[in-house]
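Right, one structure below, let's go through it.
Residue numbers (the working numbering), protein chains in the order written: chain A, 1 to 307; chain B, 308 to 614.
What follows is the structure, encoded as structure tokens:
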């Protein structure tokens, strides 16, 4: 028997990373390539709400992979955001919607598209392989699209995402706007989290030209209440900077309804952020009107500013 | 109007690089995204035979692309094997069957599969987009599959390549074995080429851990006659090594029918090749039984030996 495939998204998993791993493992197993989904970290409240709603079990935590383990990367293709040991694993497939940044030794299957959510691509892969999407799978895939596109409001959202979300909500048997709103609300509930937990909810490390930086993001329906804890958040960020030898840390609090973000930026190379947005930080913060997407509106600007 | 897409394969183009560029440009134009195919170097005799047989015009030479030009990469995703200026172009799509080795700033469409030929993937992309494949397009796509899989004998050949070649030969209205044999024979005709032209027929540069090397390959139905020119070939190779500051140059002469390759290896780091194959070079040459694929049977071994 062929060894199983380990299917997983990125570290600090968001709903798409968990949902894509689950639905991809289900698809591969259905077409005869036995696969199991994993998570590379704790799941957040939004994902927890989605899994509970559709009665889907949380994937097990994966700490590392061994040499030549068969892996399938979803919602991620950068080794720095993946599991320990990925460099020496046997990457069989990649399904992703992020920029490409990887080096493989052998040819692999890679399906990447500039859409809002990996689950949108996976829907098409189910269709291509003629595999039925169950209501449970449809529910968690829909959750991923709602999450990644902020209920179709993010600039990363494409017509395909909206169209396929509609198809999935039909299968799951629910109203996607009503369900989507409840999902996002469950996700932005920060009650009871420590500052450290908040900044680590969805943080991603990047590196260019030797400059190491992190862009972290949380959504909130009440940005002011998050900034009541600014001092504690800054202490937590300073700790991360020291611990990981970072040059810059950008923490975004995104107001989904107003479509804007308020950021805290710390580190020796805050100038990169200031250059990227042609702005001056005030009390370590800035307000970015219309900015909701780390991938499309923040990362490219920061990378360009480093150039 | 949206600017046109520049569609091209790799430098030192083989038949797949030319055929994929032509058929991808045709597909994209058909679905409303105006595209033109280009070549990044002179076409070889095999490709010339294919284009002439199906009455398809040779693409124009492309020397560089400008910043923000829209480009579609086929049969290639490594910048080192692509056109000048690619780093600052707007990469819109990638369709390829090689290992992945690239970094993009933004998410892109990428369809990569571990099959024998890019044209095999493009056939599926035509189907997905519901675009008719004309007999001319079918003929050149079939030529690419025959060329890359050495008439289905290469270990890189998959069931999909053979199956789709059958579909394409039906559309083109010919017997794929009969046509394929004539195509490969036309391609291995080295009469009238200088040693420099022979080693540059299909050579690819690679770099790992600071070691710069080239693997060059020609097919021949008569390996001995090629090695009658060994002295001139070695002089031409030594010139390339000096000119490009290479550490190692591997020149493979592959006998398609016998499924083996005889190689000339020169450069200060010939030890890497000897380690890769656990062999000693004799008179700078070695015979590799069963080895016909640079991508699958040579490059991974050399990369591993560098590790």
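By construction, the Cβ of each residue, glycine as well, lies at the ideal position given by its N, Cα and C atoms.
Under the DSSP assignment, residue 161 of chain A falls in the alpha helix (DSSP H) whose first and last residues are 159–172.
For the segment 403–427 of chain B, the beta-carbon criterion of a distance under 7 Å to any beta-carbon of chain A is satisfied by 404, 405, 406, 407, 408, 409, 410, 411, 412, 413, 414, 415, 416, 417, 418, 419, 420 and 421. Closer than 7 Å at the C-beta level to chain A, one finds no residue of the segment 320–335 of chain B. Assignment of residue 58 of chain A by DSSP, reduced to helix, strand and coil, places it in the coil class. Contact check for residue 508 of chain B against residue 351 of chain B passes: the beta carbons are separated by less than 8 Å.
In the DSSP assignment, residue 177 of chain A falls within the alpha helix (DSSP H) that extends over 176–188. Look at the segment 509–537 of chain B: it has no residue with a C-beta under 8 Å from a C-beta of chain A. Every beta strand (DSSP E) of 3 residues or more that sits fully in the segment 325–383 of chain B is shown, in chain order, as 342–346 and 377–381. Under the DSSP assignment, residue 213 of chain A falls outside any alpha helix (DSSP H), being part of the beta strand (DSSP E) whose first and last residues are 211–220. Pairing residue 324 of chain B with residue 376 of chain B gives a Cβ-Cβ distance that is not under 8 Å.
About 6 Å separates the beta carbons of residue 425 of chain B and residue 403 of chain B, which is inside the 8 Å limit, making them a contact pair.
Under the Cβ distance rule, residue 573 of chain B does not count among the residues neighbouring chain A, no pair being separated by less than 8 Å. One Cα belongs to residue 251 of chain A, the other to residue 273 of chain A, and the distance between them is close to 11 Å. Separation of residue 431 of chain B and residue 453 of chain B (C-alpha to C-alpha, rounded to the nearest whole angstrom) is 17 Å. Positions of the alpha helix (DSSP H) runs, each at least 4 residues long and wholly inside the segment 103–143 of chain A, are given as 118–128 in order along the chain. The beta-carbon distance between residue 301 of chain A and residue 247 of chain A, rounded to whole angstroms, is 16 Å. This is too long to meet the 8 Å contact definition. Around the CB of residue 255 of chain A, 16 or more other CB atoms lie within 10 Å, so the residue is classed as buried. Counting of Cβ neighbours within 10 angstroms places residue 6 of chain A among the buried residues, the total reaching 16 or more. Listed by position along chain A, the residues whose Cβ is nearer than 7 Å to that of residue 432 of chain B form an empty set, because the closest Cβ is around 12 Å away. In the three-state scheme derived from DSSP, where H, G and I count as helix and E and B as strand, residue 579 of chain B is classed as helix.
Contact annotation: residue 27 of chain A and residue 122 of chain A have beta-carbon atoms nearer than 8 Å. Residue 242 of chain A sits exposed, since fewer than 16 C-beta atoms from the chains shown fall within 10 Å of its C-beta. Listed along chain B, the residues sitting closer than 8 Å to residue 300 of chain A by beta-carbon distance are 412 and 413. In the structure shown, residue 593 of chain B falls within a strand segment according to DSSP collapsed to helix, strand and coil.
Of the residues A:260, A:140 and A:160, the one whose Cα lies closest to the Cα of residue 52 of chain A is A:140.
Per the DSSP secondary-structure output, residue 277 of chain A pairs with nothing in a beta bridge. Between residue 501 of chain B and residue 163 of chain A, the alpha-carbon positions lie close to 58 Å from each other.
Residue environment for residue 81 of chain A: buried (at least 16 other C-beta atoms within 10 angstroms of its C-beta). Interface with chain A (8 Å Cβ-Cβ cutoff): residue 457 of chain B is excluded. Residue environment: residue 362 of chain B is assigned as exposed (fewer than 16 neighbouring CB atoms within 10 Å of its CB, all protein chains considered). For residue 318 of chain B, the pairing in a beta bridge is given by DSSP as B:347. Counted as a single uninterrupted DSSP element, the alpha helix (DSSP H) harbouring residue 542 of chain B occupies residues 537–551.
DSSP lists B:521 as the beta-bridge partner residues of residue 512 of chain B.
Setting aside the 5 residues that flank it on each side, residue 148 of chain A is surrounded in the same chain by 16, 116 and 117, each with a C-beta closer than 6 Å to its C-beta; the list follows chain order. A distance below 8 Å separates the beta carbons of residue 396 of chain B and residue 378 of chain B.
The Cβ of residue 122 of chain A sits no closer than 8 Å to any Cβ of chain B.
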